[in-house]
Structure formats: structure tokens, C-alpha cells
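Here's the structure, in C-alpha cells; my notes come after.
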């Protein structure tokens, strides 16, 4: 498969992250995203798609984790009691805007809208957490950046 008429949505993400160094808890204070989605057919739906993508990406960065028992191989995060997903109360204010760059690869000039949130948010949040902990010597934490992983990284860096 080698299409000749691809289009590429793009986005810029910026967030303000607060990390409690004693507990490892992350608070997202603010989040802004500007997406180039091509022609806007329905601006309200596009904004909703971007919001949904941001929530999924933030969940990936901070909480969603498939875990298995190391001895038995049993899947241990198979219910919503064990698998953390983002809730509205976990989310910050989202400042969302769009830029329209016509995509000549299709008659409507549209590009994707929901995908860029899921791509940009994990990197944005992860970089924000590492930046907040840089002065403590923390250089890397694997996703999801749970409070336990963050707390351990702080202890190991000291």
C-alpha cells in the first residue's frame, strides 16, 4: 500500500504540569492544543474529537497500564477496578484551537481531527513531568507515569 495523495494533520501541544515530589502525584493545571485539521466541516464535532484524543493521550501518559502477574502470566488489570482510565475530574482546562490548511488530497480538503490528541498528549505530558523533576535528577520514566513510578524515580535519582 503506497498512496500518493496522503495528507498530514499536525498539531502543537503545551501543558503546565505540577508534580508532588513527596507522593509522585501529577496535576495537569492547563493544556493547550492547536490542530491543523484542514477544512472544518463541523467545528463543534472537531473540537470534541480533539478533546477526546487529548483525554486518551493523557490517560496513556499517566494511568492506563496492562499488567500481568510475573509468575503466572495472569492478566491482572482486566476490569475497571484494576485498570485506571481518565475521568472528567482528572482533566484540566483544555484550550483548543484549529488552523485550517486545505488538504488537496481529497475533495473536501479535510484532515484527521481526533488522532493528533492521542499522538501529541503522551509526549507533551511526559516531557512536562520530566521537566518538573529535572532538578531532582530524574531523566526518564516509562509510561504510564503513575505516582508510584514517579516516586521511585525521585528516590533513585537522589
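In my numbering, the protein residues as written are 19 to 176.
Built from N, CA and C at the ideal position, the CB exists for glycine as well.
A quick note: this is a predicted structure, and the numbers were derived from the prediction, not measured.
- Assignment of beta-bridge partners to residue 46 by DSSP yields 35.
- Judged by DSSP in its simplified three-state form, residue 149 adopts helix.
- Taking 8 Å as the cut-off, the Cβ atoms of residue 140 and residue 46 do not count as close.
- Looking at the backbone, the Cα of residue 61 and that of residue 100 are separated by about 36 Å.
- Straight-line spacing of the CA atoms in residue 155 and residue 167 works out to 14 Å.
- Around the beta carbon of residue 31, 16 or more other beta carbons lie within 10 angstroms, which makes this residue buried.
- Judged by DSSP secondary structure, residue 114 falls outside any alpha helix (DSSP H) and instead within the beta strand (DSSP E) spanning 111-117.
- A distance below 6 Å between beta-carbons, with the five flanking residues on each side excluded, links residue 65 to the following residues of its chain, in chain order: 114.
- Counting the other Cβ atoms within 10 Å of the Cβ of residue 84 gives fewer than 16, which makes it exposed.
- For residue 149 and residue 70, the gap between their C-alpha atoms comes out near 25 Å.
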